[in-house]
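Right, one structure below, let's go through it.
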Amino acid sequence: MTRIPRAVVSAVALAATASAVYASHSWGNYHWASTSPGFTLQAGDNVSSVWDPYLDEAISDWNGATDELTLQEVVGGARPRNCRPTAGRIEVCNATYGNNGWLGIAQIWISGSHITQAITKVNDTYFNTATYNTPAWRRLVMCQEIAHDFGLGHQDETFDNPNLGSCMDYTNDPDGGAGGADPNDPSNEHPNAHDTDQLSVIYNHVDSSSTVGQATSGMPAAANQVVANAPGSFGRLVHASANGQHEVYEMDFGGGKRLITDVLWTTEAADHGHHNHEE
């Protein structure tokens, strides 16, 4: 029997542990099903000219993240105000959705753990204000909400600590540097290597069937009519960050069919108890 030196065993175990820690922010194991190891997922452009460069940039950023998933920007199939989903792809929308407390929403319709359709919405009611009408805030929110639509979660949900250099890290200082928790921390406007690793973990497999580009989502008709703009329309709260600025809600339609909504609240809404606010 060949003996493997203990030092080698320890090194391998340490490397495996480091890899697991390095890539550990999948969103609930939700992912698009695909029968091929590399696939293209369409993202419908339903945004205004103000948002177009940020959508373009986010898609470009994520296309450079992994070989397993490619985003293709296409003509949108939704009306921005209600932003209803299109089976088999993502729809991205902006509108003045009201003084309801949220900056951005990502919604995924899932069957089991497979995403069948998804949307991202950014709320111009707040992005038209001086606080949030900045390139850094627009990049952070667009980059993050689109990533939720293909199953990526947050690296960190603490808003007032130093930035990790990833749009999947919550922050109140998206451009980093002076004025935040650390005068030398990076911006959180783009993905980083942790995000690349996690996407490879999520999509480094094939499924027996595909939900990408499918003509039907397999969801009950009522699920496609949900317009979740006000806090009371998100369903059941299933997760909240420590300060309440990030929350996840769920609607269960039975038979493994669910709608999951990820909400990024404004700092002001979190401070004043947004649950009681209605549009």
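Following numbering that gives the first Met the number 0, the numbering of the sequence shown begins with 0 at its first residue and continues without gaps.
Built from N, CA and C at the ideal position, the CB exists for glycine as well.
Which residue wins for smallest C-alpha separation from residue i, given the options the options?
i	options	result
Trp136	Val121, Gly150, Ala146	Val121
Cys92	Asn98, Thr39, Asp148, Ile109	Asp148
Thr85	Asn98, Thr115, Trp61, Ala57	Thr115
His24	Gly179, Leu151, Val205	Leu151
Ala249	Ile259, Ala241, Gly243	Per the sequence presented here, residue 249 reads as Glu, with Ala not at that position. Cα-wise, what sits closest to Glu249 is Ile259.
His113	Gly231, His193, Gln213	Gln213
From which residue to which residue does the alpha helix (DSSP H) around residue i run?
i	result
Phe126	123-126
Ala146	134-147
Val200	192-202
Between the alpha carbons of residue i and residue j, how many angstroms are there, rounded?
i	j	result
Gly103	Val226	14 Å
Asp261	Gln154	15 Å
Arg339	Ala222	Residue 339 cannot be examined here, being either before or after the span of the chain that is shown, 0 to 278.
Gly253	His30	19 Å
Met167	Gln143	6 Å
Val237	Glu72	31 Å
Asp191	Trp61	Position check: residue 191 holds Asn in this sequence, whereas Asp was assumed. Roughly 10 Å separates the two Cα atoms.
Tyr21	Pro36	Here the model assigns Tyr21 a pLDDT of 41, short of 50, so the residue's position is not dependable, and the following value carries that caveat. Their backbone Cα atoms lie some 22 Å apart in a straight line.
Gln244	Ile89	24 Å
Ala117	Thr39	15 Å
Thr265	Pro173	13 Å
Ser47	Glu188	20 Å
Which residues in the same chain as residue i place their Cβ atom closer than 8 Å to its Cβ, once the five residues preceding and following it in sequence are excluded?
i	result
Gly111	Gly255
Thr34	Val205, Asp206, Ser207, Ser208, Ser209
Thr65	Thr195, Leu198, Ser199, Tyr202
Asp44	Asp51, Leu54, Glu72, Val73, Val74, Gly75, Val91
Residue i lies in the beta strand (DSSP E); which residues open and close that run?
i	result
Asn62	Looking at the DSSP string, Asn62 is not in any beta strand (DSSP E); the run it does join, the alpha helix (DSSP H), is 51-62.
Tyr248	245-253
Thr69	68-74
Cys92	89-94
Gly103	101-110
Leaving out five residues on either side along the sequence, give the residues of the same chain with a beta carbon under 6 Å from the beta carbon of residue i.
i	result
Glu267	none
Met218	Trp108, Lys256
Glu156	Tyr169, Ser240, His245
Pro161	Ala180, Asp181, Asp184
Do we get a CB-CB distance below 9 Å when we pair residue i with the residues of chain B?
i	result
Thr85	The structure shown contains no chain B; it holds only a single protein chain.
Using a Cβ-Cβ cutoff of less than 7 Å, which residues in the same chain neighbour residue i once the five nearest sequence positions on both sides are dropped?
i	result
Asn28	Ser112
Glu67	Pro36, Gly37, Leu198, Ser199, Tyr202, Asn203
Counting pairs of Cβ atoms below 8 Å between the stretch 134-151 and the stretch 52-71, do you hit three or more?
-> The stretch 134-151 vs the stretch 52-71: in contact.
Count the CB pairs spanning the stretch 174-183 and the stretch 197-213 that are closer than 8 Å, and state whether there are at least three.
-> No, the stretch 174-183 is not in contact with the stretch 197-213.
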